[in-house]
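By the numbering used here, the letter at position 18 of the sequence shown is numbered 27, and the numbering carries on one by one without gaps. Report on the structure given below.
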Amino acid sequence: QCVAVGDGLNYEKPAQNPVLDAKDLPEGFSRFDFRDPKIWQEPDGSYSAVIVGQGRAEGGAALLFRSADGFHWEYVTILDASRGEYGVMWECPDFFELDGKQVLMAGPMEMRARDEYHNGHCVIALIGSYDPETCRFTRESVQLMDEGIDFYATQTLLAPDGRRIMTAWLQTWSDIEDKPQGAKWFGQMICPRELHLKDGRLIQAPIRELEAARTNRVYHENVSVSQPTTLEGIRGRVADLTVNVAPDGELYRSFTIKMAADGEYYTSLTYDTYTSRLTIDRSHAGSHCDFVHSRSCEVRRQDGALKLRILLDRNSIEVFANDGEQVMTVWLYTPQSADGISFSADGKVKVTAEQYDLSF
Numbered sequence: 010q011c012v013a014v015g016d017g018l019n020y021e022k023p024a025q026n027p028v029l030d031a032k033d034l035p036e037g038f039s040r041f042d043f044r045d046p047k048i049w050q051e052p053d054g055s056y057s058a059v060i061v062g063q064g065r066a067e068g069g070a071a072l073l074f075r076s077a078d079g080f081h082w083e084y085v086t087i088l089d090a091s092r093g094e095y096g097v098m099w100e101c102p103d104f105f106e107l108d109g110k111q112v113l114m115a116g117p118m119e120m121r122a123r124d125e126y127h128n129g130h131c132v133i134a135l136i137g138s139y140d141p142e143t144c145r146f147t148r149e150s151v152q153l154m155d156e157g158i159d160f161y162a163t164q165t166l167l168a169p170d171g172r173r174i175m176t177a178w179l180q181t182w183s184d185i186e187d188k189p190q191g192a193k194w195f196g197q198m199i200c201p202r203e204l205h206l207k208d209g210r211l212i213q214a215p216i217r218e219l220e221a222a223r224t225n226r227v228y229h230e231n232v233s234v235s236q237p238t239t240l241e242g243i244r245g246r247v248a249d250l251t252v253n254v255a256p257d258g259e260l261y262r263s264f265t266i267k268m269a270a271d272g273e274y275y276t277s278l279t280y281d282t283y284t285s286r287l288t289i290d291r292s293h294a295g296s297h298c299d300f301v302h303s304r305s306c307e308v309r310r311q312d313g314a315l316k317l318r319i320l321l322d323r324n325s326i327e328v329f330a331n332d333g334e335q336v337m338t339v340w341l342y343t344p345q346s347a348d349g350i351s352f353s354a355d356g357k358v359k360v361t362a363e364q365y366d367l368s369f
């Protein structure tokens, strides 16, 4: 690990680099899998860093280091590790206090598929407590950060007003062979998200500054929907769409939104009330490769009421269910001319939809 010193634009690498190497690692840790330092300053002016490593017994692990000046570092402890349960190696670690708890975030690599973990490379939040005197982190729960398909390599920063803001790579290693034909770019980042804890669960919401980019409000209230229905003004590929769904009489079987749609293409979002599962499916989005195109997650409300906030950004969809209790992120390389949005239900539902165009 090396240090660079600069003013935000121009940097130089001091002669004493590297400041951490194999001799600073705990016994049994690989000098090859030692990367991704996340550094912060402590209240006393010293520095701490969490860096990932791979140990023979521990597998992927988050290692804590300390420095008085940012140049002379010493190893402190292993905060937590996979130990065969969460992938073979970790990447992009983060370690921060949030609403009275401590969060250790990491990206497991080559994680065996089980339960809700199916992407191989994903991001988990280990939520627990931390004793700064003993530097002991105690894990209390583990949460998958995004239950869609394309989400990896998170980073967070602390805003001046105290908000914890997260970004991430809107892609995964398994599907990097697909990209828009003729494009001179590849990949993107998520819309930055604010993080909070509620009832022990990490909640995500689009950063509030996004509201300043909203224009052209369209609103439809309590529209009865059964057969495929379009609503005037609800369409587009750059939009902030909020949809509230409730039963219209008896409990409905399922509810579906089709987005980025025309006669040939669409991406669907379906909620099944019998299983309480929300599924996003881009099988008909125009991909040139045959790999995973669908993911589902269990929504925690089971009365048929559902709130969805959906961010469409040309080649991506980010879905926030029930104020960010679950989040699902996918890319889609559908032609931009496919901009239709429609609603349908197996049964009857009441739909309230509010959409804003986004102007940057």
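Idealized CB from N, CA, C, for every residue including glycine. Every value quoted in this text rests on a predicted model; they were computed, and no experiment measured them.
Asked, Found
"Coarse secondary structure for K32, derived from DSSP in three states", "helix"
"Straight-line Cα distance separating S305 from S183", "18 Å"
"Test item: CB-CB of V132 and A115 under 9 Å", "yes"
"contact_flag[the segment 58-77, the segment 22-41] where n(CB pairs < 8 Å) is 3 or more", "yes"
"Whole-angstrom distance between C298 and K359, CA atom to CA atom", "37 Å"
"Chain-order list of residues whose beta-carbon lies under 6 Å from that of W82 (same chain, five-residue window excluded)", "V28, L29, F74 and S76"
"Buried or exposed by the 16-neighbour rule on C-beta atoms within 10 Å, applied to P117", "buried"
"Expected contact under 8 Å - CB spacing of A294 and Y274 to nearest Å", "6 Å"
"Stretch-stretch touch, CB-based, cutoff 8 Å, three pairs: the segment 223-231 with the segment 309-322", "no"
"Sequence-distant residues of the same chain with beta carbon closer than 6 Å to K47, five excluded per side", "V59, P102 and D103"
"Environment of Q190 [buried if 16+ CB atoms lie within 10 Å]", "exposed"
"Residue environment, F7, which counts as buried when at least 16 other CB atoms sit within 10 Å", "No information on residue 7 is available, as it lies outside the stretch 10 to 369 that the chain covers here."
"Residue range of the beta strand (DSSP E) that includes D140", "I133 to D140"
"Own chain, CB closer than 6 Å to F7, minus 5 neighbours either side, in chain order", "Here the chain covers residues 10 to 369 and nothing more, so residue 7 does not appear."
"Three-state secondary structure assigned by DSSP to E149", "strand"
"Expected contact under 8 Å - CB spacing of M120 and G129 to nearest Å", "6 Å"
"Three-state secondary structure (DSSP) of A77", "coil"
"Start-to-end residues for the beta strand (DSSP E) that takes in H302", "First-last for H302: undefined, no H or E at that position."
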